[in-house]
Amino acid sequence: MNHHETAVKTDNFRTWFMDKLLMGMDWSDYMRQLITPFNIIAAIILSIGLPLIAIRFIYGLASVTHASQDYPWGIFLGWGLFGGVPLSATGFVLATAYYIFGFKKYKPLVRLAVLTGFLGYLFAVIYLLCDLGRPWRIYYPMIIGFGTASVLFLVAWHVATYLTVQFLEFSPAILEWLQSKRVRKWALSITIAMTIAGIILSTLHQSALGAMFLLAPGKVHPLWYSSYMPALFLCSSVYAALTMVIVVSTLAARFLKKAADQKFLSSLNPLTLGLGKGASLTMYVYFVLKLISVAHDDNWSLLATPYGQWYLLEIIGFVLLPAMILSLGVKADRVGIVRLGAFAGVLGIVVNRINTSMVALNWNLPGHLHHIIPPWQEVAIVLAIATIHILVFRWILMRMPVIREAPEYTDH
Amino acid sequence: MKERTEKGAGEPQRETHRSECGEQPQGSCGLNRRGFLGVMGAVSGTALLASTAPVHAYKKFEGWPDRYGMLSDLTACVGCRSCERACNEANGLPKPEKSFEDGSVFSKLRRTDEKTYTVVNRYENPKDPEMPIYRKVQCMHCNEPACATACPIHAYSKTPEGAVTYDPDKCFGCRYCMVACPFGIPTYDYESAFQPRIYKCVLCYDRLKVGQIPACAQACPMEAITFGKRSDLLRLAHERILEHPDRYIDHVYGEKEAGGTSWLYLSSVPFGELGFPTNLPDRPLVEETKGFLSSVPVVFAVWPALFGMIYASVQHRDALQTELKEQQEKEEERQ
Chain A
584 MNHHETAVKT DNFRTWFMDK LLMGMDWSDY MRQLITPFNI IAAIILSIGL PLIAIRFIYG
644 LASVTHASQD YPWGIFLGWG LFGGVPLSAT GFVLATAYYI FGFKKYKPLV RLAVLTGFLG
704 YLFAVIYLLC DLGRPWRIYY PMIIGFGTAS VLFLVAWHVA TYLTVQFLEF SPAILEWLQS
764 KRVRKWALSI TIAMTIAGII LSTLHQSALG AMFLLAPGKV HPLWYSSYMP ALFLCSSVYA
824 ALTMVIVVST LAARFLKKAA DQKFLSSLNP LTLGLGKGAS LTMYVYFVLK LISVAHDDNW
884 SLLATPYGQW YLLEIIGFVL LPAMILSLGV KADRVGIVRL GAFAGVLGIV VNRINTSMVA
944 LNWNLPGHLH HIIPPWQEVA IVLAIATIHI LVFRWILMRM PVIREAPEYT DH
Chain B
89 MKERTEKGAG EPQRETHRSE CGEQPQGSCG LNRRGFLGVM GAVSGTALLA STAPVHAYKK
149 FEGWPDRYGM LSDLTACVGC RSCERACNEA NGLPKPEKSF EDGSVFSKLR RTDEKTYTVV
209 NRYENPKDPE MPIYRKVQCM HCNEPACATA CPIHAYSKTP EGAVTYDPDK CFGCRYCMVA
269 CPFGIPTYDY ESAFQPRIYK CVLCYDRLKV GQIPACAQAC PMEAITFGKR SDLLRLAHER
329 ILEHPDRYID HVYGEKEAGG TSWLYLSSVP FGELGFPTNL PDRPLVEETK GFLSSVPVVF
389 AVWPALFGMI YASVQHRDAL QTELKEQQEK EEERQ
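Listed below in structure tokens is the structure:
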């Protein structure tokens, strides 16, 4: 009798859970709808990248990267960590705007921004795990040795803590999906505390990523090396977040429309204009800060050198121009132009972080620009991780209430 | 400062102790709380007075006083590579492809790697083309090493002997030390998947501990490398410059660079012409990040208060508005 009851319960749970995972489809339907052009391309990328990741862990970094004694870091960190972390400031910026400053209109975007941030940090850590010589020791700065004078020590602690904070911030969506009312209520109760923790951790580690390079005054090109670096990294992470939310929400509304509700879709245009305005203002501030940093070290004469021209291209072509496109779009009330400016702004962040961590670092070594070109294997691994990132993102958006509200839970 | 130590930490607590138990036989005041504190005060006070070093809240550390160093006189080096061979043998490193007698290695500039802790490079002598200048490259053993500052796990140590050592058991392989080192010294074993680690010169630390001198200094037939206390070597270097102003330029490389290094160099030509970094600040590189790290406690203290107040003020405004609305509705109902 008893045994029978348990069996039924287990069976119910399994049906319920599979229903959640397969979104109400049976296996054959689910598999059939997976065959799409995007998934086929993703499968091809993964079929190349995943074996390369395996090779990296079996035969060492030398088998897939050009890492050398002069060039210890490559695109795993330049793109994945230094580029990925500012673009993941989305959670911190939108949660602060919504929960602390009271920008209540932005509610439809908050969860998407928190998810973008959480996954962004998670994958930044995955890139880092690929790059670390002994990734299984990743917890060492927490337990084995405390390098308290190291900026990287701060980054390690903050990224680890912030990953947890963001998971807690996103957990209501997971709990709504799993229909766990009681735990959700508890998770909601810590929202404000978590948001303020997020501000502390984010302001410090976003700027710390810039401060990391302060330790190498002899190696970073003087135009990029500046005591302003922490402030520059923090300031640019704010506009990175605002433009990234525009980019992600645009892509989600375009390609995952069925996961969105009307509230999300109809609010998108006015909110995009608001985000674009905030982003452009931040970018003007950042542009001026960049100029002040040149003035502070009196490096004007270096602007006439080839590296100076590249620097000018970075701050004019990838900061000022996107900012002006954003302003234009906001003025003309044209959401399409704002989106264009946002894509350019996101690209500009990646350009700046790759410039700082790869182009400007070791600039005085002979044959420098030749050395920073990554081998195809390294690019393929990055593409594979980025593809998994997108797949996980889509998996969550399709299932959990992120760009739609669960009807029985609207109080967050 | 001295006065502060004696009065601030030691004396008052001792006095408390005396007033508590002064007229009672010893041991009878052991169990009440104030008595206990008094005893504790006496113990710590005595400990403070007993130690000769003054104890300050602010720790001033100008480096280990008797740390060793090496003085490399580039005008004496003939490029025989005996030091390279001695280093290779002393550290049990794999044999190189080209033998240590092979002069063809000088055709290009080499650098240290995971199998080579020191290399000698050849540079043209602008003063005398017949006499090339040889420069030995190895860890400079900075007074305040940037590698140690960079390491988030404290895998590096600056030992009292002056050597900068590395503990592979602590390293997780982030390679920030390699980015931070202004001399490009730490090298990594990228070929290894399971036990990669940093390799670099550790000033033959094991030999130092048993009273021997580093292998390269012992092997040098030209006395181009002098081992000794860094303070003595600095004096020696400046004496040589004074005695032979025509032979040396007036600069001891490593005296001030990046806060000073245990390896010191004397040269006949400017160091920039021999590939030495000449764009380094005179202060230790740790100073470049200190300012940033000092902002951490400020952020921890101010942000919660600031953003908490902003949150509270927004909530307050909302509550006021709701109240106002309710009042207006009530009045409308009345009318």
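Just so you know, the sequences run in chain order A and B. The opening position of the first sequence corresponds to residue 584 in this note's numbering, with each subsequent residue numbered one higher. The opening position of the second sequence corresponds to residue 89 in this note's numbering, with each subsequent residue numbered one higher. Don't be surprised by glycine CBs; every beta carbon is placed ideally from N, CA and C.
Bridge partners of L352/B according to DSSP: L159/B.
Of all residues in the region 309 to 343 of chain B, none places a beta-carbon less than 8 angstroms from a beta-carbon of chain A. Secondary structure note for I313/B: its beta strand (DSSP E) is the uninterrupted segment I313 to K317. Residue range P889 to L895 is occupied by the alpha helix (DSSP H) that includes Y890/A.
Separation of R295/B and K258/B (C-alpha to C-alpha, rounded to the nearest whole angstrom) is 23 angstroms.
In the three-state DSSP reduction, R765/A falls in the helix class (H, G or I). Every beta strand (DSSP E) of 3 residues or more that sits fully in the region 328 to 375 of chain B is shown, in chain order, as 351 to 354. Following the DSSP letters along the chain, one finds N176/B inside the alpha helix (DSSP H) bounded by residues S170 to A178.
For the region 186 to 215 of chain B, residues whose beta-carbon sits nearer than 9 angstroms to a beta-carbon of chain A comprise L197, R199, T200, D201 and E202. At least 8 angstroms separates the CB of W152/B from every CB of chain A. Here the alpha carbons of L886/A and Y894/A stand approximately 7 angstroms from one another.
Closer than 8 angstroms to the CB of H229/B there is not a single CB belonging to chain A. Your pair A174/B and Q283/B does not check out as a contact, with CB atoms roughly 26 angstroms apart and the cut at 8 angstroms. The residues F665 and G666, in chain order, have a CB closer than 6 angstroms to that of R936/A in the same chain once the five nearest residues on each side in sequence are set aside. Residue-level contact by beta carbon holds for M266/B and chain A, with a gap shorter than 8 angstroms. Using a C-beta cut-off of 8 angstroms, the region 827 to 834 of chain A makes contact with the region 921 to 930 of chain A, since at least three inter-stretch Cβ pairs fall below that distance. The beta-carbon of S280/B is placed less than 8 angstroms from the nearest beta-carbon of chain A. Every alpha helix (DSSP H) of 4 residues or more that sits fully in the region 639 to 687 of chain A is shown, in chain order, as 658 to 661, 667 to 670 and 673 to 678. Scanning its chain for C-beta atoms nearer than 6 angstroms, with the 5 sequence neighbours on each side dropped, one finds around K344/B the residues D370, in chain order. CA-to-CA, the gap between L851/A and L839/A works out to about 14 angstroms. DSSP places L944/A within a strand segment (E or B) once states are collapsed to three.
Exclusion of the five residues before and after L605/A leaves Y613 as the residues of its chain whose Cβ lies within less than 7 angstroms of its Cβ. With 16 or more other Cβ atoms inside 10 Å of its own Cβ, R922/A counts as buried. Counting every other CB atom within 10 Å of its CB across the protein chains shown gives Q226/B a total of 16 or more, marking it as buried.
Going by C-alpha positions, F706/A is about 12 angstroms away from L670/A.
For E361/B, not one C-beta of chain A is nearer than 8 angstroms to its own C-beta.
Put simply, of G661/A, S733/A, G700/A and L980/A the residue whose alpha carbon is nearest the alpha carbon of A268/B is S733/A.
Against G299/B, chain A offers no close residue; the least beta-carbon distance is about 29 angstroms (beta-carbon pairs closer than 9 angstroms).
Contact residues of the region 721 to 736 of chain A toward chain B are I721, Y723, P724, I727, G728, F729, G730, A732, S733, V734, L735 and F736 (C-beta to C-beta distance below 7 angstroms). When G891/A, R765/A and T786/A are compared, the shortest CA-CA separation from A672/A is found for T786/A. With respect to chain B, the C-beta atom of A637/A has no partner C-beta closer than 8 angstroms. Sorting I979/A, S910/A, T993/A and R987/A by C-alpha distance to the C-alpha of T699/A places I979/A at the top. For R223/B, the enclosing beta strand (DSSP E) begins and ends at I221 to V225. Within the region 634 to 664 of chain A, the residues whose Cβ lies closer than 7 angstroms to any Cβ of chain B are, in chain order, F640, I641, Y642, G643, L644, A645, A650, Q652, D653, P655 and W656.
For A696/A, the closest Cβ of chain B is not nearer than 8 angstroms. As DSSP reads the structure, V208/B sits in a beta bridge with K224/B.
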